[in-house]
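Residue numbers (the working numbering): 21 to 404.
Built from N, CA and C at the ideal position, the CB exists for glycine as well.
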Amino acid sequence: MNKEKKIISKLPDVKTTIFTTVGNLARKHNAIDLSQGFPNFEADAKLISLVNQAMEQGHNQYAPMQGYYGLREIISEKIQTLHGHQYHPKTEITITVGATQAIYTVITAFVHPRDEVIVLKPAYDCYEPAIQVNGGIPIFLQLDVPDYKIDWKAFKAKITKKTKMVIINTPHNPSGKILSEDDMLRLQEILKDTNILVLSDEVYEHIVFDGKEHQSVSRFPDLAERSFVCASFGKTFHVTGWKIGYCAASKALMEEFRNVHQFAVFCVDHPVQRALTEYLKTPERYLGLNDFYQGKRDLFLKGLANSKFKFIPSQGTYFQLLDYTQLTQETDEEFAKKLILEHKLASIPISSFNVNNRDDKVLRFCFAKTEDTLSKALEILNGL
Ligand SMILES: Cc1ncc(COP(=O)(O)O)c(C=O)c1O
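As C-alpha cells, this is what we get:
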C-alpha cells in the first residue's frame with residue numbers, strides 16, 4: 021500500500037466511545053463502575069447449564085442462516101402473547117449477533133446514499149455511524165431535559181421527501197423514558213401516508229416500571245408493517261457478553277434484511293440458541309424482570325432522597341439520570357471525571373449522547389448492580 025496515500029475514512033469524526041474512555045478510567049482508578057450498561061451479577065445457572073447441555077448434545081456446527089427454528093417459533097409466540105401481533109417464524113424473524121448487528125443490518129439493507137434517517141437525541145451510540153457508513157444522513161431531533169418528551173410537531177417538521185427511516189428506542193437509553201400508547205399512535209398517524217420505515221430498538225422491552233406496559237411497535241398494525249423490532253437476549257437475561265438477539269419484521273422487509281445478514285454473519289452461535297429456546301419456555305424468567313429491576317431502581321432512588329441530586333424516576337431500562345446542578349456548575353465531563361478520580365465512582369456524562377454534545381449537566385448511572393455495589397455508590401453520592 022502506498023504510504024503516501026491517506027486513508028479516507030468513512031467515519032472521520034468517530035472517536036473512542038465515552039463507554040471505553042470512562043470504563044478504562046474507572047478500572048485504572050479502581051472506581052465503583054455504574055457507567056457501563058451491564059449487570060455485575062451472574063446470569064441464572066440454569067441458562068448456563070442449558071448452553072453446556074446443548075454443546076454436549078452436539079449442537080456445535082452452523083445453525084440455519086435465519087436462526088434455529090425452535091427459537092424463532094418461541095419468539096413468535098412470545099410476541100403474539102404480549103403484543104397480539106403474529107410474526108411468522110419462518111419468514112419474519114431472524115436471530116442476530118445482539119441488537120447491534122440487527123440495527124446495523126437494518127440500516128445497511130435499507131439506507132441508500134443521501135437517504136435521511138431521523139434520530140431522536142440523546143441516542144444510543146451505534147445508530148449514527150451505521151447511517152454514515154452507508155452514506156445516509158442522520159437528521160437529529162434533540163429532546164429536552166428533564167422529561168425528554170417528544171414534540172411530535174417538531175418531529176413531523178423533520179420529515180422530507182428524502183426521509184427513509186426513523187429510529188426510536190423505548191424504553192430509552194439513556195433517559196429511562198418509555199413511549200406511551202399515545203406517542204405510538206401519534207407516530208403511526210404521522211407516518212400513515214408515507215413509505216418511511218421504522219427501526220424500533222426495544223432491547224429493554226422487559227424492564228418497565230410502575231405497572232406500565234411496554235408499547236412495542238408490533239402492537240400498532242400500520243407501524244408493525246413498516247417496522248423492524250430489534251431485541252437483545254443479552255440485556256434480558258444478564259448475559260450481555262453472549263451478544264445474541266433478534267430482529268422481527270414483515271415478510272418483505274425481512275427478506276431484504278436477510279440478504280445482507282447472510283453475507284455479514286451468516287448465522288449465530290448455535291448452542292446458545294438451543295439453550296434460549298428451552299429457557300424461554302418459562303415466561304416468568306423474563307416477565308419477572310420488571311419487578312426485579314424496579315426493586316433496584318427504588319433502592320437507588322430511596323437512597324438519594326436526601327442527596328443534592330435532582331431526578332425524575334426512570335420509567336424503564338436500568339439507567340437513572342441525575343441532575344447535579346445543585347452541587348456544581350462544572351461540565352458533565354469534568355464532573356464525571358472528578359467523580360472517578362476523587363470519589364471512585366464512575367458514571368456516563370450525557371452530553372456525549374446529545375446534538376453538538378449539549379451539556380444539560382446530567383449523569384447516567386446504571387443500577388443493574390448488586391445491593392452491595394449500589395449501597396457503596398449511594399454512600400459516595402450522599403457524601404458529595
Ligand atoms: C439502546 C440500546 N440498543 C442496543 C444495545 C446493544 O444491544 P446488544 O448488546 O444486544 O448488541 C444497547 C446496549 O447497551 C442499548 O443500550
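Any contact of the stretch 128-136 with the stretch 145-161, i.e. 3+ C-beta pairs under 8 angstroms? Contact between the stretch 128-136 and the stretch 145-161 is present: 3 or more CB-CB pairs across the two stretches fall below 8 angstroms.
Inter-residue Cα distance where the pair is L199 and K26: Taking C-alpha positions only, L199 is separated from K26 by approximately 45 angstroms.
Which same chain residues, not among the five before or five after W172, have their C-beta less than 7 angstroms away from its C-beta? If we look at W172 and ignore the five residues flanking it on each side, its Cβ neighbours are R206 and I210.
Got a sec: does ligand 2 put a non-hydrogen atom nearer than 7 angstroms to the Cβ of V223? With respect to ligand 2, the structure offers nothing, as its ligand set consists of ligand 1.
Fully enclosed by the stretch 246-291, which beta strand (DSSP E) runs are 3 residues long or longer? Runs of the beta strand (DSSP E) spanning 3 or more residues and lying entirely within the stretch 246-291 occur at 247-252 and 265-269, in chain order.
Can you give me the C-alpha to C-alpha distance between Q488 and E112, rounded to a whole angstrom? With the chain represented from 21 up to 404, any question about residue 488 goes unanswered, as that position is not in the structure.
Would you call the CB atoms of Y107 and I99 closer than 8 angstroms? Contact flag set, yes.
Consider the C-beta atom of T120 and the heavy atoms of ligand 1; say whether any pair is separated by less than 7 angstroms. Yes, the Cβ of T120 comes within 7 angstroms of a heavy atom of ligand 1.
I'd like to confirm the pairing. Which residues does DSSP put opposite S220 in its beta bridges? Residue pairing by DSSP puts S220 in a beta bridge opposite I188 and V249.
Taking the alpha carbon of H192 as the reference point, which residue from P291, L54 and Y338 has its own alpha carbon closest? The residue from P291, L54 and Y338 with its alpha-carbon nearest to that of H192 is Y338.
At which residues does the beta strand (DSSP E) containing R378 begin and terminate? From DSSP, R378 is part of no beta strand (DSSP E); its letter is neither H nor E.
Three-pair Cβ contact test at 8 angstroms for the stretch 122-131 versus the stretch 247-255: The stretch 122-131, when compared against the stretch 247-255, does touch it at the 8 angstroms Cβ threshold.
4 or more residues per run - each alpha helix (DSSP H) lying fully within the stretch 345-373: As far as the stretch 345-373 is concerned, its whole alpha helix (DSSP H) runs of at least 4 residues are 352-363.
CB contact flag (I216, T183, <8 angstroms): Contact: yes.
Report the residue ranges of all alpha helix (DSSP H) runs contained in full by the stretch 21-74; include only those spanning at least 4 residues, in chain order. For the alpha helix (DSSP H) assignment, the uninterrupted runs of no fewer than 4 residues enclosed by the stretch 21-74 are, from N- to C-terminal side, 38-48.
Between L9 and K271, which are expected to be in contact by the criterion C-beta below 8 angstroms, what is the C-beta distance as a whole number of angstroms? Residue 9 is absent from the model: the chain starts at 21 and stops at 404.
Integer-rounded CB distance, given that S220 should sit under 8 angstroms from H103: That belief does not hold up - the Cβ atoms of H103 and S220 are roughly 11 angstroms apart, past 8 angstroms.
Alpha-carbon spacing of K255 relative to P166, whole angstroms: In a straight line, the C-alpha of K255 is about 25 angstroms away from that of P166.
Is any non-hydrogen atom of ligand 1 found closer than 7 angstroms to the C-beta of K197, if you look at the structure I gave you? Flag unset: Cβ of K197 not near ligand 1.
Excluding five sequence neighbours on each side, which residues of the same chain lie with their C-beta closer than 8 angstroms to the C-beta of R317? Once the five neighbours on either side are set aside, the close Cβ partners of R317 are F229, P333, S334, Y338, Q340 and F387.
Where in the stretch 144-218 do unbroken runs of the beta strand (DSSP E), each at least 3 residues long, occur, reported from the N-terminal end onward? Taking only runs of at least 3 residues, the beta strand (DSSP E) segments lying wholly in the stretch 144-218 are 157-162 and 183-189.
With a threshold of 7 angstroms (Cβ to nearest heavy atom), would K255 be considered close to ligand 1? Answer for K255: yes, Cβ within range of ligand 1.
Taking 7 angstroms as the cut-off, is the C-beta of N189 nearer than that to any heavy atom in ligand 1? Checking every heavy atom of ligand 1 against the Cβ of N189, one is found closer than 7 angstroms.
The stretch 304-313 in contact with the stretch 273-291 per 3-pair CB rule at 8 angstroms: The stretch 304-313, when compared against the stretch 273-291, does not touch it at the 8 angstroms Cβ threshold.
To the nearest angstrom, report how far apart T114 and M85 are at their CA atoms. Those two C-alpha atoms are separated by around 8 angstroms.
For T114, the first and last residue of its enclosing beta strand (DSSP E): Residues I113 to T116.
Just to confirm, are L359 and I370 a CB contact at a threshold of 8 angstroms? No.
By DSSP's criteria, D343 is part of a beta bridge. Which residues make up the other side? Partner(s): K330 and V382.
Can you confirm whether the stretch 258-274 touches the stretch 34-43 when touching is taken to mean that 3 or more C-beta pairs between the two stretches lie within less than 8 angstroms? Too few Cβ pairs lie closer than 8 angstroms, so no.
Can you determine whether any heavy atom of ligand 1 sits closer than 7 angstroms to the C-beta of N402, and answer yes or no? In this structure, N402 has its beta carbon at no less than 7 angstroms from each heavy atom of ligand 1.
Local conformation of V228 per DSSP, three classes: Reduced to three states, the DSSP call for V228 is strand.
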